[in-house]
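Whatever position you read off the sequence shown (first residue = 1), add 2 for my numbering. Have a look at the structure below before the remarks.
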Amino acid sequence: MRTRWERIAAAMRRGEPLPPIEAYRIGEAHFVRDGHHRVSVARALGIEQIEAHVIEILTRVGASRGLTVADLPRKSHERVFRERVPLPPQDAARIKPSDPLGYGVLAEAMEAWAFRAGQERGELLNRERAAREWFDTEYVPLVETLRDASQIGKGTETDAYLRVGPERYDRLVVSPPED
């Protein structure tokens with residue numbers, strides 16, 4: 003590895019042409035597919051630009067420059083959540099489970115809530131309306147109640163919702179029908 007790095011460094015110092023690196027761009031973030039040594043050498047030599055073939059990946063979920071490869075699974079779960087629970091951006095930004103799998107649990111919770119609400123009203127709620135109403139009448143009030151009681155605990159408000167939300171239904175007692 004070191005020998006290869008030194009060979010690339012010598013070629014760059016001499017101004018020899020090197021093949022362009024191959025990279026992916028997701029939002030503002032770039033991921034090198036091929037050319038890690040060339041990028042490393044360029045940085046070490048203070049070279050700010052390098053020839054590259056860049057494949058841009060378009061996504062509905064934003065990606066900042068701080069995005070890392072380790073963040074990609076989270077972004078994938080977040081994307082699926084946003085498709086299933088289409089909230090306005092300012093509301094969607096509040097949904098931040100510490101565990102990426104929490105996005106799926108939340109989507110299931112919203113869909114179950116929408117089913118129950120639709121059954122009570124005798125109508126089918128579309129995704130946009132269901133997401134909006136779930137957020138406004140289920141998620142926010144519970145999170146605010148937990149915050150007022152200093153019960154958010156460790157993690158995010160979404161983590162608190164995920165801890166407490168399902169318990170409310172587990173604790174419901176249904177009386178048997180009277181004869």
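Where a beta carbon is used, it is the ideal one built from N, C-alpha and C, also for glycine. Just so it is clear, the structure is predicted and the values come from calculations on it, not from any experiment.
Counting C-beta pairs with one atom in each stretch, the segment 130–144 and the segment 85–93 have three or more that are closer than 8 Å, which means they touch. When PRO102, LEU20 and ALA116 are compared, the shortest CA-CA separation from ASP161 is found for PRO102. With a beta-carbon spacing of about 12 Å, LEU127 and ALA114 fall beyond the 8 Å limit used to define contacts. Cα atoms of LYS98 and THR158: separation of roughly 7 Å, rounded to the nearest angstrom. Annotated three-state conformation of VAL87 is coil, per DSSP. By the CB criterion at 9 Å, ILE23 and GLU53 fall inside the cutoff. Membership of PHE117 in the alpha helix (DSSP H) is indicated by the continuous run 104–123.
Of the other Cβ atoms in all chains shown, fewer than 16 fall within 10 Å of the Cβ of HIS55; this residue is therefore exposed.
Just so you know, the alpha carbons of ALA11 and LYS156 end up roughly 47 Å apart. With a cutoff of 9 Å on beta-carbon distance, ARG35 and ALA25 are scored as near each other. Within its own chain, the residues whose Cβ lies closer than 6 Å to the Cβ of GLY104, once the five positions on either side in sequence are excluded, are LEU164, listed in chain order. Rounded to the nearest angstrom, the gap between the Cα atoms of PHE83 and THR139 is 19 Å. Using a 10 angstroms sphere on the CB of GLY167, the tally of other CB atoms reaches 16 or more, which defines it as buried.
A direct Cα-Cα distance of roughly 23 Å separates GLN51 from MET3.
In this structure, ARG6 places its C-beta atom within 9 Å of the C-beta atom of HIS39. DSSP places ILE10 in the uninterrupted alpha helix (DSSP H) bounded by 4–16.
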